[in-house]
């Protein structure tokens, strides 16, 4: 599965994902990576917490379609962040729901994400906590240390900060390009390229 | 689209578990993930039906750790790290029943008590010797200073604001916790033998 | 102190009085007047005109920078930031600027509230309260905050249905009692006056009939009562003076009575005099039915509550200003000061807005109307027209405090200019030799004039990338020099559409004893080394122009020369105070 020399820091897959060997991925069969996504060391994804609609069904060996965490293209999961599916009581039974992440999503170091969905072009700073079943739309910037409460919806073009999170500003149109993570993708991996000046 | 690995069920690099295995006393009904880290020299007690997620960490170096019934210790939560005071006491951390310690939260050792039904939020920190009452909510990234005492039903939110939870839903919360544990027990492969 | 990341702010011309009248185009007069004055980034006015490049727009017709402060905005769409439903602007007039569905914010912590069924309430704190939709249980519903655990039971409010909470809440007082609307009051009063004081046509004397003079009215009812009282008073006086039909004629909405009221307020001097001649026709409200509210000076209940709840039970200014206008509240002494009376806050609507150039009225930014899309129909951003300037330290002497610049020692920085245009641009830079302000740092731009190649097509770049590395002319200017020293008049590095140059600064010492004795202490951020720089960009456009990289001055007849000049501020870092 690795075309690169096997002892690099990262495992590089055919679809261009760069997964650090020191990343903690639990339940990989339930984790979907869209390609060209970087997972840095000590990032954690809890794929084992998959949806269990009927509480009686065993989901330990659930089929592969039972995606718990789906991540799009060109996402960047920084060191020490943690993605886990949100849980909720649904019709009296506890179940985990899928966590869906769009493309070009940056997740800062030490952030814990339990959202229901994160749109494309989202920048999440360091040490952010995103509560369960929060919905983050496209083009959102979440500043360092923010605590997004459970069930919060953050509309597009918001800049969000605080505990609990509140919208503190609007993204200017000129700032949309900055969400592209193609260049950042190139700068990590087993043979990283220097950042363009 | 491809799953990062179709062969292996997880990529979990080994954790550095230096030092001796702490003496443990497990109830037979607990769920403890294989990659949980237990260190220290004092006893670790875990009561019935409690769940320890992968990569949760319990350190009994600074005192005995006891976890009540139906507690959930999430991944990367740390119980019993030696506080800034460096105090070593007989009882390090005592969690009541139905306590949830969320992802990345930390409860320092030193006669620290967390009352029944209390939730310690994501990334929150409980200082050494703090005594948290029953059914408290410590919201994400809140910090409780060492030695602080919180009355029952206190909610700590927004960088240290306090208020009283008047919902009176403690029993419902317990029910929800029990259901969550029911699901987690099926999802997390338990390996208590590794630690005994 | 956190180290400061270097920044570049650009001044929008809108705040500059000398450019206000200028419809910028290629042959505007050279900036003689501007040359004399150095832009001071610390001047109080500058606060309002400096923006990061991302925040600026650009008007193609005026060929000028436009900032958020000077553009004219027009609202394209209103929507609720929580349920993301679009709100028609017609609803806005009738329903106000808040979401009228079920979207509320916590009055304590402003977190989102979710609708939860009480009966089967699971764990609203952690385990994500169900949003009420699929719950098979019917039963009272409450609003709960998943962050601070506030719930509407704290103010005694429960709902029968899980949807249209806004409408239900409007009908409920704190404590759960149904609120009497003005209409209800009127009906009740009518019934009362029917029974006690004869025909409803004479509401004025019925005041005593309803008994309770000091009934506490909410805002809406008080207003309605006052309105009807004054209308009846007006009707009385005009009816008497104009000799129209008697007291029973209370058709206030009819055009005739409206015109009578108008005559009183406007040209009715004759009537006025007559009205004055008959004293007693106009009187003030006497009872709560007429909208009179007597100040209740007895604050013992508030004091008792303060004793019980303590400081924690009172609300902060922020919480009180966040409270939505509520027609059901008793307004007499302002709103309550206790947390026990805070009501949920319906979400304020958000907007999508288009922007127009303030000068030529052309649209410079227009988002798609639909809430869900993030596309723009028109998006003219400054970063597509003017070069981006990035600052990178090159050679900084060691400083006693890491991350700061040592005073009185030359530090060198690399400024990289990236050209977003498809034409080659000529850039001319100018900085004052010494920065304005109390601490004059010396600035030297080693290469104040250079040319940046065009931003070629992305595919060109990709193709070039595969054949030979993009940066073919990297270090073209100083490449022969092995040590690669910064040289005056020479470019540091050059790439496809970028050029970097070196700036040398000698930060001033911040020591107070070197200043005159009356000097004030160091102001906030006065230790940040900010350098004003005047940037002049020139380029040539021509409809049929085949080459654009000609030297300045040539082909003036055939090609249209454009220029753009603006001030920007370079923040290099903090100067060490040691």
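Chains as they are written, first to last, in my numbering: chain Y, 483 to 679; chain D, 5 to 200; chain F, 5 to 582.
Just so it is clear, CB atoms sit at the ideal spot from N, CA and C, and this is done for glycine as well.
Quick one: does residue i have its CB under 9 Å from some CB of chain F?
i, result
"residue 518 of chain Y", "no"
"residue 60 of chain D", "no"
"residue 98 of chain D", "no"
"residue 141 of chain D", "yes"
"residue 191 of chain D", "no"
"residue 145 of chain D", "no"
"residue 537 of chain Y", "In this predicted model, residue 537 of chain Y has a pLDDT of only 42, less than 50, meaning its place in the structure is not dependable; the value taken from the coordinates is given anyway. No, residue 537 of chain Y lies away from the interface with chain F (no Cβ there is under 9 Å from its Cβ)."
Below 9 Å between beta carbons: does that hold for residue i and residue j?
i, j, result
"residue 595 of chain Y", "residue 564 of chain Y", "yes"
"residue 69 of chain D", "residue 62 of chain D", "yes"
"residue 362 of chain F", "residue 76 of chain F", "yes"
"residue 629 of chain Y", "residue 143 of chain D", "yes"
"residue 640 of chain Y", "residue 659 of chain Y", "no"
"residue 128 of chain D", "residue 116 of chain D", "no"
"residue 505 of chain Y", "residue 15 of chain D", "yes"
"residue 230 of chain F", "residue 191 of chain F", "no"
"residue 531 of chain F", "residue 581 of chain F", "yes"
Compute every distance between the C-beta of residue i and the non-hydrogen atoms of the ligand FAD, then say whether any falls below 8 Å.
i, result
"residue 601 of chain Y", "Ligands are entirely absent from the displayed structure, and the ligand FAD is therefore not among its contents."
In whole angstroms, give me the CA-to-CA distance for residue i and residue j.
i, j, result
"residue 392 of chain F", "residue 511 of chain F", "24 Å"
"residue 85 of chain F", "residue 542 of chain F", "43 Å"
"residue 477 of chain Y", "residue 145 of chain F", "Because chain Y in this structure spans residues 483 to 679, residue 477 of chain Y falls outside the shown range and cannot be described."
"residue 514 of chain Y", "residue 553 of chain Y", "6 Å"
"residue 442 of chain F", "residue 644 of chain Y", "36 Å"
"residue 501 of chain F", "residue 540 of chain F", "17 Å"
"residue 228 of chain F", "residue 161 of chain F", "25 Å"
"residue 194 of chain D", "residue 122 of chain D", "24 Å"
"residue 345 of chain F", "residue 178 of chain F", "7 Å"
With a threshold of 9 Å between beta carbons, is residue i in contact with chain D?
i, result
"residue 585 of chain Y", "no"
"residue 155 of chain F", "yes"
"residue 621 of chain Y", "no"
"residue 131 of chain F", "Note that residue 131 of chain F has pLDDT 44, beneath the 50 cutoff, so the model's placement of it is unreliable and the number below is only indicative. With 9 Å as the cut-off, residue 131 of chain F counts as an interface residue toward chain D."
"residue 343 of chain F", "yes"
"residue 158 of chain F", "yes"
"residue 148 of chain F", "yes"
"residue 151 of chain F", "yes"
"residue 119 of chain F", "no"
"residue 638 of chain Y", "no"
"residue 645 of chain Y", "yes"
Mind checking which residues open and close the alpha helix (DSSP H) that includes residue i?
i, result
"residue 174 of chain D", "174-191"
"residue 173 of chain F", "169-174"
"residue 370 of chain F", "Segment 367-371 is the beta strand (DSSP E) holding residue 370 of chain F; no alpha helix (DSSP H) there."
"residue 307 of chain F", "304-313"
"residue 323 of chain F", "321-326"
"residue 664 of chain Y", "664-668"
In terms of residue numbering, what span does the beta strand (DSSP E) encompassing residue i cover?
i, result
"residue 568 of chain F", "564-579"
"residue 652 of chain Y", "648-652"
"residue 443 of chain F", "Segment: none, residue 443 of chain F is in no beta strand (DSSP E) and carries neither H nor E."
Check whether chain A comes within 9 Å of residue i, counting only Cβ atoms and requiring the distance to be less than that.
i, result
"residue 125 of chain D", "The displayed structure is made up of protein chains Y, D and F, and chain A is not among them."
From the DSSP output, read off the bridge partner residues of residue i.
i, result
"residue 577 of chain Y", "Y:570"
"residue 520 of chain Y", "Y:500, Y:558"
"residue 536 of chain F", "F:573"
"residue 605 of chain Y", "Y:588, Y:623"
"residue 89 of chain F", "Its beta-bridge partners do not exist; DSSP assigns none."
"residue 229 of chain F", "Paired residues: none, contrary to the question."
"residue 30 of chain D", "D:50"
"residue 37 of chain D", "D:194"
"residue 121 of chain F", "F:145"
Would you verify that the beta carbon of residue i is, or is not, closer than 9 Å to some beta carbon of chain Y?
i, result
"residue 153 of chain D", "no"
"residue 195 of chain D", "no"
"residue 103 of chain F", "no"
"residue 318 of chain F", "no"
"residue 378 of chain F", "yes"
"residue 126 of chain F", "Residue confidence for residue 126 of chain F is low, a pLDDT of 46 falling below 50, so the modelled location carries little weight and cannot support an answer."
"residue 102 of chain D", "no"
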